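Protein sequence lines, in the order shown, are assigned to chains A and B. Take the first sequence: its position 265, counting from 1, is numbered 265 in this note's numbering, and each next residue is one higher. Take the second sequence: its position 714, counting from 1, is numbered 1714 in this note's numbering, and each next residue is one higher.
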Amino acid sequence: MRHSLAFTSTLLACSLISLIIARTSLSQATPKYVGSETCKGCHEAQWTAFQKNAHYRAEQDPKLVSDQAGCESCHGPGSLHAEAGGDRSNPDFATIRNFKTIPAEKANEICASCHSGGEQFYWKHSDHSRAGLSCLQCHSIHHRQNAGAGPMLTAVDVNHLCVTCHKDKRAAIARSAHMPLREGRMTCYDCHNPHGSAGPHQIRAASNNELCYKCHADKRGPFLWEHPPVRENCLNCHQPHGSNNDKALAAKRPYLCQSCHIGTRHPSTLYDKPDLVGNRLFNRSCTNCHSQVHGSNHPSGRYLER
Amino acid sequence: MTTLRIAVAMALACGLVASAGTPIARAAEGDVTFGGQWWTQTDPDAKYQEFSVVPRGALLESFMLQEWSGRNGVAVWGGNAMRADQATRITWANGARFRLDLGYAEIPHLFSQVARSPYVETAPGWFTLPDSLQAKNQRTTGTYTATMRDLLDTAPVIGLGFGTSVSTARLRVRPTHGWQIEARGTRRERSGVKPYAMTFGFSTAIEIPEPIEQRMIDGDVVADYRRDRFSTQVDVGVSTFDNFISTLRVDNPKRLTDVNGGDGPKVGALDLYPDNKVVRASVAMSYLMPRNTALTATLGVSQGTQNDPFLALTNNSALPQSSLDSLPARSLDAKAVQLNGDVRLATTLAKGLGGSLRFHYTDYDNQTPNLDFIGQVPYDVSFQRYAPLSSEARSNTQWQAGGDLDYAVNSKVSVGAMGEYRVNERTVREVEKNNETVLGARARVRPMSAMQIEARYWRGDRKIDAFLDEDYEGFKQRAVGPTAGVYDSLADLEQAELRRFDVAARIQDRATAGVSYMFGERLELGATYAYLKNDYHETTFGLQDATAHTVASNGAYHVNERLDLNGGYGYERTETHQASRESGTATLSINPLDNWGAFLKDTDVFVAAGFDWWPKADKISVSANYQLSRHVAAFDLSNGRNTAQDLPTNIYRRHEAVLDASYQWLEKTRVSLRYGWEEYDILDWATNDVPLIFPLTGTANAVFLGDSSEGYRAHRVAVLVKHQF
Chain A
1 MRHSLAFTST
11 LLACSLISLI
21 IARTSLSQAT
31 PKYVGSETCK
41 GCHEAQWTAF
51 QKNAHYRAEQ
61 DPKLVSDQAG
71 CESCHGPGSL
81 HAEAGGDRSN
91 PDFATIRNFK
101 TIPAEKANEI
111 CASCHSGGEQ
121 FYWKHSDHSR
131 AGLSCLQCHS
141 IHHRQNAGAG
151 PMLTAVDVNH
161 LCVTCHKDKR
171 AAIARSAHMP
181 LREGRMTCYD
191 CHNPHGSAGP
201 HQIRAASNNE
211 LCYKCHADKR
221 GPFLWEHPPV
231 RENCLNCHQP
241 HGSNNDKALA
251 AKRPYLCQSC
261 HIGTRHPSTL
271 YDKPDLVGNR
281 LFNRSCTNCH
291 SQVHGSNHPS
301 GRYLER
Chain B
1001 MTTLRIAVAM
1011 ALACGLVASA
1021 GTPIARAAEG
1031 DVTFGGQWWT
1041 QTDPDAKYQE
1051 FSVVPRGALL
1061 ESFMLQEWSG
1071 RNGVAVWGGN
1081 AMRADQATRI
1091 TWANGARFRL
1101 DLGYAEIPHL
1111 FSQVARSPYV
1121 ETAPGWFTLP
1131 DSLQAKNQRT
1141 TGTYTATMRD
1151 LLDTAPVIGL
1161 GFGTSVSTAR
1171 LRVRPTHGWQ
1181 IEARGTRRER
1191 SGVKPYAMTF
1201 GFSTAIEIPE
1211 PIEQRMIDGD
1221 VVADYRRDRF
1231 STQVDVGVST
1241 FDNFISTLRV
1251 DNPKRLTDVN
1261 GGDGPKVGAL
1271 DLYPDNKVVR
1281 ASVAMSYLMP
1291 RNTALTATLG
1301 VSQGTQNDPF
1311 LALTNNSALP
1321 QSSLDSLPAR
1331 SLDAKAVQLN
1341 GDVRLATTLA
1351 KGLGGSLRFH
1361 YTDYDNQTPN
1371 LDFIGQVPYD
1381 VSFQRYAPLS
1391 SEARSNTQWQ
1401 AGGDLDYAVN
1411 SKVSVGAMGE
1421 YRVNERTVRE
1431 VEKNNETVLG
1441 ARARVRPMSA
1451 MQIEARYWRG
1461 DRKIDAFLDE
1471 DYEGFKQRAV
1481 GPTAGVYDSL
1491 ADLEQAELRR
1501 FDVAARIQDR
1511 ATAGVSYMFG
1521 ERLELGATYA
1531 YLKNDYHETT
1541 FGLQDATAHT
1551 VASNGAYHVN
1561 ERLDLNGGYG
1571 YERTETHQAS
1581 RESGTATLSI
1591 NPLDNWGAFL
1601 KDTDVFVAAG
1611 FDWWPKADKI
1621 SVSANYQLSR
1631 HVAAFDLSNG
1641 RNTAQDLPTN
1651 IYRRHEAVLD
1661 ASYQWLEKTR
1671 VSLRYGWEEY
1681 DILDWATNDV
1691 PLIFPLTGTA
1701 NAVFLGDSSE
1711 GYRAHRVAVL
1721 VKHQF
């Protein structure tokens, strides 16, 4: 009886220890890399699409990217997920990173492990980062909507993507005077870096003028005779996203000019409709004569007429 | 021809690159869309088609080819091949190590196709009239208007517009882990004509098609290095601008020989944009610290130079000032150094509490020498002596320092606050320093996972440091003497109470609110509202206030697997008040009865709607899109004598509808029929019915191009084939 009690106690103790060891070993089970071929078994469509993806080519160079190339470089080691065999109730099923469920900050960290330089250098300080946006709100690795080999987008092109959130800009670029955004000759991305920049409003320059000069270098000067507000900020007079005034001006001439100038002999009789043809409202208004409004290099160009 | 050459070269390059890869496990795919289009339009002027070419006949709408084998991948894609709005890009990549992008695009910019000009460009930048005409007008000044009318009636129609061809190249290399080096360059060639004016006296504008032959080249080398928590980026670049036509010389229709005073010279000269060059460099460093903290600092410097030779004070040989010896220098030798600095710190202070600090600095130091001129010849007509007339290099410094705090109260509510202090300094202006304090707050609520509501408010208070009468624009006095001007009895040329809006004291209120809602995976709705008010509360003359309300919304409804609907609506109303004072003679009026005011109201409406319908999945699809953009500008004018009459209302309105139906004809071939309609109406007192000679009654002074804005209605039908391979 004593032996039997001792045997039973020993058996129970061993069982308990075995259970504890088993539980411990279960909780310590770590997923391992199994390679993309394993993923292909269940996710063939994604796998096939991925072969055309820039990320696929990048991962052919493990020295640069990661020791573990393929699907698992983003989704993490997938052995346990694979072993779960599609059983969502199995806790192991969720051991890979699912970008649809992880917080934006975590998802962004994974992207940033490779994309932290170049265009993404200022991401941590960008307005989009502060607003809690995920990279995947604009980019789709497996289901890109835009053609070509540019950034993989969730929309057909950059402009369509940006206006989904910046709704007012959609109306602005439809206005009469606009930059060639509507026609697709230019994109929001040409002026703004959505990943952040060292300039205001995420523009690709330190100041508004520096940005404008990239395409309008003729206005850069320095000129002999400057028009002071031009030198300080092009946006004093122009609305870059679109306007209904000629040259995308912020107001119609001569009212824009008259906001700052009340010269003599320029009668400023902007209220007498019968004299419409006789005053300086017509055609290009003030710039009929002051055509060098961005600055003049002519020795007699003090009033920007030469 | 250039277009054709470049298109063929790009195609060859693409073929070469594609065939150069290792022939192992190669795969390729692509598509091409081509067809023909019929287009009819009621008016040839196409203001709304400014940046595109209306294709008629055969067209190659788009193409794309991707090929990859192992680490190598090549892609070529583009659209509108062979047209003046074409774009083509080629990309080659080898693993993550090398990537080469080449691109070519042409951007048209069409102003008018109804302009007319009697001038003939006999050499680049030289616009001439028949000598006989100038002689006749000089001889019999009384018949000038009739003579010019006769000439302009037979003037040929000219197209106003230019094109910009943009070639880009970018090579990115990642030699080893942590390093990335990128060399990129852009070359822009701009060629064509745009409307421009030259004057030969007060209110005597002569418009001509200004020739544009310009080249802009930008190049940068950017190196990135990253190790553990530290990363740095170094950028060195250069930018050049070359203007191949730097002088505009235009015949004076009133004179065949030069004369001092009166109608002035035979030919007037105007200096077009001078060549310039900028070299630049910047260094940025970033360091990641615990608590999700990132510190990034950027320092950049650039130097711009410009040294185009001066023209003489006048082109009028009857004036001694037509000699270059009258100038204090033969060129400006201009130099401007810009220094940019930016420091940002983002951190997590506690759980749910994030913050950032930022400082941004730009200093434009114009080191151009100030030159003393003996006077000027404003219209090449007569010399005005000053004592002296000095050029003034203008510099400015702008910096902002601010901080943000964001606190997540819980998973559904977050609030934030911001503060910023801005300083703008400048030289040689009536206000040389402004400082502005901006305070703001925001809140974001997610009452449910599919809904987000956000609101922000900012208030900025911009103050003037001091108002400097001595630097007030126009506070100049001409020399007295035999050639004294008409302003000798005055000191100010501008009203003393005028405050220019870019430097005036201002209270700015801004608010935005937005809501977005996703009802399952079927319905998505979003709307935003923005309010902006600029109150120039110390301004008597000038822009007094501007208020804008903007509403924008959009929605998408996935009805079922075969039908998607989408739409959007936008509304904006802007109201501005400005005040001024009329001075009909050379003497500034100080009589309040001469005051006038303008209350301008601009209203914009934008509507978009569309659907995508697949009546037979994978076989037939139909889509339609409609857009309306309507702008109304009202001019409510008043004056001290109550004689003011409002100007006519301006209206700009455009509709566009496109209906697309496509049928999967073969396994890889789809045929589409597209119908498009667009209508553009414009009612604008300044740009409708612009005459060739102006004013319409009495003695004419100005010669215009007559490039009136005109409405049109267009229909187009296209048959397109998209083939995949």
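Beta carbons are placed, not taken as given, at the ideal position from N, Cα and C, and that holds for glycine. A quick note: this is a predicted structure, and the numbers were derived from the prediction, not measured.
Which stretch, first to last residue, makes up the beta strand (DSSP E) that contains B/ASP1365? Along the second sequence, one-based indexing puts residue 1365 of chain B at 365. Unbroken beta strand (DSSP E) run through B/ASP1365: 1353 to 1366.
Return helix, strand or coil for B/PRO1320, following the three-state DSSP convention. By one-based count along the second sequence, residue 1320 of chain B stands at place 320. B/PRO1320 falls in the helix class under three-state DSSP.
How would you write the range of the alpha helix (DSSP H) that B/SER1286 sits in, first residue to last? Counted from its first residue, the second sequence places residue 1286 of chain B at position 286. Counting along the chain, B/SER1286 falls outside any alpha helix (DSSP H), though it belongs to the beta strand (DSSP E) covering 1276 to 1289.
Does B/GLN1306 get closer than 8 Å to chain A when you measure Cβ to Cβ? Along the second sequence, one-based indexing puts residue 1306 of chain B at 306. Chain A contact via Cβ: present.
Nearest chain B C-beta to A/LEU26 closer than 8 Å, yes or no? The residue given as residue 26 of chain A occupies position 26 in the first sequence. Caution applies to A/LEU26, whose pLDDT of 47 falls short of 50 and renders its modelled position unreliable; the value that the coordinates give is listed next. Not one chain B Cβ lies under 8 Å of A/LEU26.
Using 8 Å as the limit for Cβ to Cβ distance, is A/ARG23 near chain B? Start at 1 with the first residue of the first sequence, and residue 23 of chain A comes out as number 23. Bear in mind that the predicted position of A/ARG23 carries a pLDDT of just 49, short of 50, making it too unreliable to give a figure here.
Would B/ILE1245 pass as a contact of B/PRO1124 if the rule is Cβ separation under 8 Å? Translated into positions along the second sequence, residue 1245 of chain B becomes position 245. Translated into positions along the second sequence, residue 1124 of chain B becomes position 124. Yes; because the gap between Cβ atoms is below 8 Å, this pair is in contact.
Going by Cα to Cα distance, which pick from B/GLY1514, B/ASP1085, B/VAL1719 is closest to B/GLN1037? Within the second sequence, numbered from 1, the residue matching residue 1037 of chain B stands at position 37. Checked all of B/GLY1514, B/ASP1085, B/VAL1719; the closest Cα to B/GLN1037 is B/VAL1719.
When you compare only the Cα positions, how much space is there between B/HIS1655 and B/TYR1680? To locate residue 1655 of chain B, count along the second sequence from 1; it is residue 655. To locate residue 1680 of chain B, count along the second sequence from 1; it is residue 680. Cα to Cα, the separation comes out at about 7 Å.
Evaluate the contact criterion for the segment 1692 to 1710 of chain B versus the segment 1108 to 1126 of chain B: three or more CB pairs, one atom per stretch, below 8 Å. yes
Contacts that B/VAL1719 makes with chain A (C-beta to C-beta distance below 7 Å): Indexing the second sequence from 1 puts residue 1719 of chain B at position 719. By Cβ distance, chain A contributes nothing, its closest Cβ being about 21 Å from B/VAL1719, past 7 Å.
Using three-state DSSP, classify B/VAL1236 as helix, strand or coil. Counting from one through the second sequence, the residue named residue 1236 of chain B turns up at place 236. In this structure, B/VAL1236 counts as strand in the three-state DSSP scheme.
In chain order, what residues of the same chain lie with their CB nearer than 7 Å to the CB of B/PHE1501, ignoring the 5 residues before and after it? On the second sequence, residue 1501 of chain B is found 501 positions in, with the first residue counted as 1. Within the same chain, B/PHE1501 has close Cβ partners TYR1536, GLY1542, LEU1543.
Quick check: B/GLY1570 and A/ARG231, are their CB atoms within less than 8 Å of each other? Indexing the second sequence from 1 puts residue 1570 of chain B at position 570. Indexing the first sequence from 1 puts residue 231 of chain A at position 231. Cβ atoms of B/GLY1570 and A/ARG231: not closer than 8 Å.
By DSSP, does B/THR996 sit in helix, in strand, or in coil? Outside the shown range of chain B (1001 to 1725) lies residue 996 of chain B, about which nothing can therefore be said.
Using a Cβ-Cβ cut-off of 8 Å, state whether A/GLN258 counts as contacting chain B. By one-based count along the first sequence, residue 258 of chain A stands at place 258. At a cut-off of 8 Å, the C-beta of A/GLN258 has a neighbouring C-beta in chain B.
Cβ contact check for the segment 1279 to 1291 of chain B and the segment 1324 to 1335 of chain B: 3 or more pairs under 8 Å: no
Within 10 angstroms of its Cβ, does A/PRO299 collect 16 or more other Cβ (buried), or is it exposed? For the purposes of this step, residue 299 of chain A is taken as residue 299 along the first sequence, with counting starting at 1. Buried: at least 16 other Cβ atoms inside 10 Å.
Inter-residue spacing [alpha-carbon to alpha-carbon] between A/ASN288 and B/LEU1102: Here residue 288 of chain A corresponds to residue number 288 of the first sequence, with the count starting at 1. Here residue 1102 of chain B corresponds to residue number 102 of the second sequence, with the count starting at 1. Distance between the alpha carbons of A/ASN288 and B/LEU1102: 41 Å.
What are the uninterrupted segments assigned as alpha helix (DSSP H) that are 4 or more residues long and contained completely in the segment 199 to 268 of chain A, given in chain order? 208 to 212, 228 to 232, 255 to 258
As assigned by DSSP and simplified to three states, the class of B/TRP1038: For this step, residue 1038 of chain B is matched to residue 38 along the second sequence. Note: B/TRP1038 maps to strand in three-state DSSP.
In whole angstroms, give me the CA-to-CA distance for B/GLN1664 and B/ASN1625. Position 664 of the second sequence, counting from 1, holds the residue named residue 1664 of chain B. Position 625 of the second sequence, counting from 1, holds the residue named residue 1625 of chain B. If I take the Cα positions, the gap works out to 21 Å.
Using C-beta distances below 7 Å, list every residue in its chain close to A/ASP246, excluding the 5 sequence neighbours before and after it, in chain order. Looking up residue 246 of chain A in the first sequence gives position 246. These residues qualify, in order along the chain: ALA177.
Taking the beta carbon of B/MET1448 as the centre, do at least 16 other beta carbons fall within 10 Å, making it buried, or is it exposed? As a working note, residue 1448 of chain B is residue 448 in the second sequence. If you draw a 10 Å sphere on the C-beta of B/MET1448, you find fewer than 16 other C-beta atoms in it, and that means exposed.
Do B/PRO1253 and B/LEU1152 have their C-beta atoms within less than 8 Å of each other? Along the second sequence, read from residue 1 onward, the residue named residue 1253 of chain B stands at position 253. Along the second sequence, read from residue 1 onward, the residue named residue 1152 of chain B stands at position 152. With respect to B/LEU1152, B/PRO1253 sits apart: the two C-beta atoms are not nearer than 8 Å.
Cβ of A/ARG144 within 8 Å of any chain B Cβ: Numbered from its first residue, the first sequence carries residue 144 of chain A at position 144. Answer no: the Cβ-Cβ gap between A/ARG144 and chain B never drops below 8 Å.
So, B/ILE1650 versus B/ALA1661, is the Cβ gap smaller than 8 Å? As a working mapping, residue 1650 of chain B is identified with position 650 in the second sequence. As a working mapping, residue 1661 of chain B is identified with position 661 in the second sequence. Going by the sequence as given, residue 1650 of chain B is Asn instead of Ile. Contact: no.
Answer with yes or no whether the minimum CB distance from A/PHE99 to chain B is below 8 Å. Within the first sequence, residue 99 of chain A is the residue found at index 99, counting from 1. Under the 8 Å criterion on CB atoms, A/PHE99 is classed as non-interfacial with respect to chain B.
Could you tell me how far apart the beta carbons of B/ASP1258 and B/LEU1129 are, in whole angstroms, since I believe they sit closer than 8 Å? Stepping through the second sequence from its first residue, residue 1258 of chain B is reached at position 258. Stepping through the second sequence from its first residue, residue 1129 of chain B is reached at position 129. Contact flag wrong, Cβ pair sits at about 15 Å.
Contacting residues, own chain, Cβ-Cβ under 7 Å from B/PRO1118 (five flanking each side not counted): The residue you call residue 1118 of chain B lines up with position 118 of the second sequence. Non-local C-beta neighbours of B/PRO1118 in its own chain, meaning closer than 7 Å and more than five positions away in sequence, comprise LEU1129, LEU1151, LEU1152, ALA1155, ordered along the chain.
Rounded straight-line distance, which links the Cα of B/ASP1218 to that of B/ALA1169: For the purposes of this step, residue 1169 of chain B is taken as the residue at position 169 of the second sequence. For the purposes of this step, residue 1218 of chain B is taken as the residue at position 218 of the second sequence. In a straight line, the C-alpha of B/ALA1169 is about 11 Å away from that of B/ASP1218.
Does chain A have any CB closer than 8 Å to the CB of B/ALA974? Here chain B covers residues 1001 to 1725 and nothing more, so residue 974 of chain B does not appear.
Let me see if you follow: with CB-CB separation under 8 Å, is B/TRP1458 close to chain A or not? As a position in the second sequence, residue 1458 of chain B is number 458, starting the count at 1. No, because no Cβ of chain A sits closer than 8 Å to the Cβ of B/TRP1458.
Mapping the DSSP letters down to three states, classify B/ASP1333 as helix, strand or coil. Position 333 of the second sequence holds residue 1333 of chain B. Three-state DSSP puts B/ASP1333 in coil, outside helix and strand.
Does the separation of the CB atoms of B/ALA1081 and B/VAL1053 fall below 8 Å? Reading the second sequence from its first residue, position 81 is the one you call residue 1081 of chain B. Reading the second sequence from its first residue, position 53 is the one you call residue 1053 of chain B. Contact: no.
CB contact check: A/ARG302 to chain B, cutoff 8 Å: Mapped onto the first sequence, residue 302 of chain A falls at position 302. For A/ARG302, the answer is yes, since a Cβ of chain B falls inside 8 Å of its Cβ.
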